[in-house]
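Enquirer: First residue of the sequence shown: 575, per my numbering; consecutive thereafter. Starting off with a structure, shown below.
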Amino acid sequence: MRGPTTRTMKRGIIIAIMAAAIALAPAYGAKKARKTSGEKARQEQTGNTPAQSALELDEEALEIVNKILNGYTEWQSASFTGKLRTSMLKLPVSPTVKIYLEKGELIQLSVSAPFIGEVGRAEITPSEVLVVNKYKKTYVRESAEAAMSHDRGLLDEVQSLLLGRIVILGKGELSMGLLKDVLFERENNGEWIVVPNREGEESGLQYGYVVNANGRTQVLYGMMQGRTETATLTYDYSGGGMELGLDLQLPKKRIEGQLDFSSVKWGGNRMSSINLDRYQKVTFSEFVTNYK
């Protein structure tokens, strides 16, 4: 039986840039082994002890807070390299994903494959969002103001999520100053549920985190009140690296996949820019249509 042609491989791998770019959204991912925690957290977030606000934290809760925050290394730039595995792709090879971050300034995501090279790129800066299809030579460029109008700190928040950190959407990465904005709930197995304090809020978005006994984020889950869609992002640290898992439940479709990364490398260099002189600028809907 003949294997897939280079054209078919390219077309399939190009789809990977869309799947990998999902990792840049603040509520995706899943690994089956971790679903129990995420499902449990979603079910009204009830546990064996009441949720505790910052003013009510007991000694055990303060200990987990310290473990969480002590794990948040100060950084200026970071890079990841790994493989994308998803049911969206029917290919004999797993695309390579590279991510480069500059704190508060830049996110670069590149997808490539052996014998083909880079097929897609996504970049976010404080001023713009750029997504490039190198195979079709098309791109989308939007101002960050338009793309992130609902959350001006989205770039920083996505960076923190990629590093496995708790984010309070619209307010930033968890810190001592944000403890008043979260609730902590202890589970029997040593895990903790961390959810935003939504008192006085009218938003229909519901989300939260599962944190293990060492203070490391295991699950981020999200849903919209009154809707069936759910999204879960899980973090697995076994094997010396980190796996980001995706489980996106849509009304008529389910998307699953994993980004398997080596350990985070602090530092690194920016990816070279793409010359777009011979590329066609398209709308986002046209760009997505090109992948079908």
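Every residue, glycine too, gets a C-beta built ideally from N, C-alpha and C.
Check whether the segment 668 to 678 touches the segment 853 to 865, taking contact to mean three or more Cβ pairs, one atom from each stretch, closer than 8 Å.
Expert: Short answer: they don't touch.
Enquirer: How should S734 be labelled, buried or exposed, when 16 other C-beta atoms within 10 angstroms of its C-beta is the threshold for buried?
Expert: By the 10 Å Cβ count, S734 comes out buried.
Enquirer: Give me the Cβ distance between T660 and G831, rounded to the nearest whole Å; I'm assuming they're in contact under 8 Å.
Expert: The pair is a contact, with the Cβ atoms about 3 Å apart (cut-off 8 Å).
Enquirer: Report the start-end ranges of each alpha helix (DSSP H) in the segment 635 to 700 that is 4 residues or longer and not cut off at the edges.
Expert: Those alpha helix (DSSP H) runs which fall completely within the segment 635 to 700 and span 4+ residues do not exist here.
Enquirer: Check for me: the beta strand (DSSP E) holding S717 runs from which residue to which?
Expert: Run containing S717: T712 to S717, per the beta strand (DSSP E) assignment.
Enquirer: Unbroken beta strand (DSSP E) runs of length 3 or more, entirely within the segment 724 to 812: which are they?
Expert: Qualifying beta strand (DSSP E) stretches, in chain order: 756 to 760, 766 to 770, 779 to 785, 791 to 798 and 804 to 810.
Enquirer: Is DSSP giving G841 helix, strand or coil here?
Expert: DSSP places G841 in coil when its eight states are reduced to three.
Enquirer: My output table needs one value for G831: the three-state DSSP class, helix, strand or coil.
Expert: In this structure, G831 counts as strand in the three-state DSSP scheme.
Enquirer: According to DSSP, simplified to helix, strand and coil, what is V705?
Expert: In the structure shown, V705 sits in a strand (DSSP, three-state: E or B).
Enquirer: Report the rounded CA-to-CA distance for R844 versus Q682, giving the unit in angstroms.
Expert: Their Cα atoms are separated by approximately 8 Å.
Enquirer: Grab me the residues of V706's own chain with a C-beta within less than 6 Å of its C-beta, minus the 5 sequence neighbours each way, in chain order.
Expert: Cβ within range, chain order: R695, Y713 and I848.
Enquirer: When you compare only the Cα positions, how much space is there between M583 and G746?
Expert: Because M583 carries a pLDDT of 42, less than 50, the predicted location of this residue cannot be relied on, and the following value inherits that uncertainty. Near 39 Å, if we compare the C-alpha coordinates of G746 and M583.
Enquirer: Could you tell me if D821 is buried or exposed, where buried requires 16 or more neighbouring beta carbons within 10 angstroms of its beta carbon?
Expert: Its Cβ being crowded by 16 or more others within 10 Å, D821 is buried.
Enquirer: Using DSSP with H/G/I as helix, E/B as strand and the rest coil, what is G819?
Expert: Here G819 sits in strand by DSSP.
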